[in-house]
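Here's the structure we're looking at; comments come further down.
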Amino acid sequence: MSYFRIIEDLIKNARGPPPLEGVKVVEFSHYILGPNIPRLLAQLGAEVIKIEPPPRGDRWKYASMWGGKGFYKGMRIDYLYLNSNKYFVGIDFRKEEGRKLVVELAKRADVFVENMEPGTLDRYGLGYLQLREVNPRLIYVSASGYGNWGPLSRLPSYDIIGQAESGVIDTTGWEDGVNEAYRLPDYPGDWLPSTMAVSAIIAALIYRERAGRGQYIDLSQAASMQRFMYHFTYMSLTGSRLKRSGFIDPSAYVSGVFKTADGRFAAIAAMTERQYDALAEAVPGLRGMRDARDPDSLWRKYEAVRAWASGRTLGELLEFGKRAGVPVQPVLNDKEVLDDPWRAERGSVLRIRDRLYGEIVVPGPIVKMSETPLAVRWVARPVGYHNKLVLARKLGLPAAEVERLEREGVVGYWDGQLGNMPPPGWNAEDDPVFRGERDEVGP
Numbered sequence: 112m113s114y115f116r117i118i119e120d121l122i123k124n125a126r127g128p129p130p131l132e133g134v135k136v137v138e139f140s141h142y143i144l145g146p147n148i149p150r151l152l153a154q155l156g157a158e159v160i161k162i163e164p165p166p167r168g169d170r171w172k173y174a175s176m177w178g179g180k181g182f183y184k185g186m187r188i189d190y191l192y193l194n195s196n197k198y199f200v201g202i203d204f205r206k207e208e209g210r211k212l213v214v215e216l217a218k219r220a221d222v223f224v225e226n227m228e229p230g231t232l233d234r235y236g237l238g239y240l241q242l243r244e245v246n247p248r249l250i251y252v253s254a255s256g257y258g259n260w261g262p263l264s265r266l267p268s269y270d271i272i273g274q275a276e277s278g279v280i281d282t283t284g285w286e287d288g289v290n291e292a293y294r295l296p297d298y299p300g301d302w303l304p305s306t307m308a309v310s311a312i313i314a315a316l317i318y319r320e321r322a323g324r325g326q327y328i329d330l331s332q333a334a335s336m337q338r339f340m341y342h343f344t345y346m347s348l349t350g351s352r353l354k355r356s357g358f359i360d361p362s363a364y365v366s367g368v369f370k371t372a373d374g375r376f377a378a379i380a381a382m383t384e385r386q387y388d389a390l391a392e393a394v395p396g397l398r399g400m401r402d403a404r405d406p407d408s409l410w411r412k413y414e415a416v417r418a419w420a421s422g423r424t425l426g427e428l429l430e431f432g433k434r435a436g437v438p439v440q441p442v443l444n445d446k447e448v449l450d451d452p453w454r455a456e457r458g459s460v461l462r463i464r465d466r467l468y469g470e471i472v473v474p475g476p477i478v479k480m481s482e483t484p485l486a487v488r489w490v491a492r493p494v495g496y497h498n499k500l501v502l503a504r505k506l507g508l509p510a511a512e513v514e515r516l517e518r519e520g521v522v523g524y525w526d527g528q529l530g531n532m533p534p535p536g537w538n539a540e541d542d543p544v545f546r547g548e549r550d551e552v553g554p
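Residues in the sequence shown are numbered from 112 upward in steps of one, following the numbering used here.
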């Protein structure tokens, strides 16, 4: 048996507890940047309680997508997996009793995540300095556009703002005066910073084991996006800006996305000398240009490969890549990604059977671990869906007290609008989790 097969079997048969089992997280966030932080922690095994002010809660669930087509069984599609593995509690923190409930949950928590407008939770007694008094071991994460202090801290920010202000958009497109400055799709200004936050949280948990105390983590969307770019360093050392290069990677001998004879697109990258020489054997005009250092050589190489690729089908290019040892891959569309057997085998495209929403396809956990498996166990729920479960099991409130809090509007539920409702046909009387009689998983 090969080494790689042994590793594969270890990962597939991992049966240990999740790596963050026992870690408790309270979330007070909306849109993508904030909610993705606890989502990743939940995949690692943390228990996440998402607090929302009823009845609307997280605003992202209502946002229209492509003319209102981005909803499934009453919920926004990406909201379903963006908020997977969480418990949903509707608490009006503007009321004193609501704030007391949040404080009680924070007392029991290891991590508190929020991406409200800076200063909002402080005004209600739920900021870091206030919660630190009742839980010195609490790790408190604030995610915002520009950080929680300084002259820009009160400015609102979203993905496109973070991309623009960090300089990311200025690096996109081509130097042709027409196809300039594109927004990168699918919200990298939210996904990337939130992933960085998870690294900081895990580091803070390790530090807490040594020091015995928590800490405050401040995350800036604009600063985070800037961190994976080196353009400003180039500017500081050379006094000039890097040119836009479109599909071309200026660090490669030659690279790009090329249209094929059958109307498809293929990505080709020669990063090593051997790969370039193999490509030059097939592409007229590449020989003799491998070590060219002038900026225009990038474009001459690109044009040579573009002309060559345009006369070949995608299948022919893929076959060439395998034969010559040159990285060549198709540009896949959504359907091809969905149906890709390699992604299904790896769990990158994951089919789960959710108790409420039935079979649903979600992005699987990114990493594979040989001892401590990660999982997507259920998808999002409407505002307040787990009220009874959390208030009774986590805070020990009797049923009569929960009913009183409901009557007085301290805790509440969804509004029934598109994006914030259970699936069609749902019946509260037939749902033991909603009634607080059992958990989403286990007894």
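By construction, the Cβ of each residue, glycine as well, lies at the ideal position given by its N, Cα and C atoms.
Between the Cα of E158 and the Cα atoms of W489, Y524, N538, E519, which residue gives the shortest distance? Closest by alpha carbon: W489.
Going by C-alpha distance, which of G179, P406, G523 is nearest F545? For F545, the closest of G179, P406, G523 by C-alpha to C-alpha distance is G523.
Rounded to a whole number of angstroms, what is the C-alpha to C-alpha distance between G458 and M480? If I take the Cα positions, the gap works out to 12 Å.
Mind checking which residues open and close the alpha helix (DSSP H) that includes Q154? Secondary structure note for Q154: its alpha helix (DSSP H) is the uninterrupted segment 144-154.
Determine the direct distance from the alpha carbon of I148 to that of M307, and round the result to whole angstroms. Between the C-alpha atoms of M307 and I148 there is a straight-line separation of about 9 Å.
Leaving out five residues before and five after D329 in sequence, what residues of the same chain have Cβ atoms less than 6 Å from its Cβ? Same-chain partners within the cutoff: S253, G258, N259.
Under 8 Å between C-beta atoms of E225 and F139: In this structure, F139 lies closer than 8 Å to E225 by Cβ.
Kindly give me the distance between the Cβ atoms of V448 and Q386, rounded to whole angstroms, as I take these residues to be in contact under 8 Å. Not quite, the Cβ-Cβ distance comes to about 25 Å (not below 8 Å), so this is no contact.
Going by DSSP in three states, R187 sits in which element: helix, strand or coil? Here R187 carries a strand assignment [DSSP, helix/strand/coil].
Three or more C-beta pairs closer than 8 Å, one from the stretch 240-256 and one from the stretch 317-334: is that the case here? The stretch 240-256 vs the stretch 317-334: in contact.
Tell me the DSSP secondary structure of S465 in three-state form. Checking the sequence, you will find Asp at residue 465 rather than Ser. Under the three-state reduction of DSSP, D465 is assigned to strand.
Would you list the one or two residues that DSSP bridges to Q440? Bridge partners of Q440: A378.
Starting from Y327, follow its DSSP beta bridges and name the residues at the other end. Bridge partners of Y327: Y251.
Report all residues from its chain with a CB closer than 8 Å to the CB of V416; omit the five preceding and five following residues, and keep chain order. For V416, the CB contacts under 8 Å within the same chain, skipping 5 residues up- and downstream, are V365, G367, F369, I379, L390, V394, L397 in chain order.
Mapping the DSSP letters down to three states, classify W285 as helix, strand or coil. In the structure shown, W285 falls within a strand segment according to DSSP collapsed to helix, strand and coil.
Kindly list the residues whose CB is nearer than 8 Å to the CB of E384, restricted to its own chain and excluding five residues on each side of it in sequence; keep chain order. So the list reads Y364, R401, once near-sequence residues are dropped.
In chain order, what residues of the same chain lie with their CB nearer than 8 Å to the CB of M340, ignoring the 5 residues before and after it? The residues are S277, G278, V279, T282.
Buried versus exposed call for V137 [16 or more other C-beta atoms within 10 Å across all chains shown]: Buried.
If L316 sits next to I250, beta carbons under 8 Å apart, how far is it from one beta carbon to the other, in whole angstroms? The C-beta separation of L316 from I250 comes to about 7 Å, placing the pair in contact by the 8 Å criterion.
Opening and closing residue of the beta strand (DSSP E) in which F223 lies: For F223, the enclosing beta strand (DSSP E) starts and ends at 222-225.
Taking the alpha-carbon positions, what's the I477 to A511 distance? If you take the alpha carbons of I477 and A511, they lie about 43 Å apart.
Return the chain-ordered list of same chain residues with a C-beta closer than 7 Å to the C-beta of R294, the five sequence neighbours on each side being excluded. Cβ within range, chain order: I271, Q274, I280.
Measure the beta-carbon distance from L467 to P534 and round it to whole angstroms, keeping in mind my assumption that it falls under 8 Å. Yes, L467 and P534 are in contact; Cβ-Cβ is about 6 Å, under 8 Å.
Specify, as a first and last residue, the run of the alpha helix (DSSP H) that Y318 falls within. Per DSSP, the unbroken alpha helix (DSSP H) holding Y318 starts and ends at 299-322.
Count the other CB atoms within 10 Å of the CB of A372; is the residue buried (16 or more) or exposed (fewer)? A372 comes out exposed.
With distance defined between alpha-carbon atoms, name the residue in E132, R167, P166 nearest to L151. Checked all of E132, R167, P166; the closest Cα to L151 is E132.
Going by DSSP in three states, F339 sits in which element: helix, strand or coil? Per DSSP, reduced to three states, the secondary structure at F339 is coil, with no helix or strand assignment.
Cβ-heavy atom distance, P296 to the ligand SAM, below 7 Å: As for the ligand SAM, it is missing from this structure, which has no ligand bound.
Could you have a look at V448 and say whether DSSP puts it in helix, strand or coil? Correct three-state label for V448: helix.
Can you name the start and end residues of the beta strand (DSSP E) that V136 belongs to? Counting along the chain, the beta strand (DSSP E) containing V136 begins and ends at 135-139.
Which runs of the alpha helix (DSSP H) fall wholly inside the stretch 381-427 and span at least 4 residues, in chain order? Here the runs fully enclosed are 384-393, 407-420.
May I ask you to report which of helix, strand or coil DSSP gives Y496? It is coil, neither helix nor strand.
Quickly, what does DSSP pair I471 with across the bridge? List them, please. According to DSSP, I471 bridges with I463.
Looking only at its chain, what residues have a beta carbon closer than 6 Å to the beta carbon of T483, apart from the 5 residues adjacent to it on each side? Excluding sequence positions up to five before and after T483, its CB lies within less than 6 Å of the CB of G127, P129, P130, all in the same chain and listed in chain order.
Straight-line CA distance for G357 to G284? Answer to the nearest angstrom: the Cα atoms are 5 Å apart.
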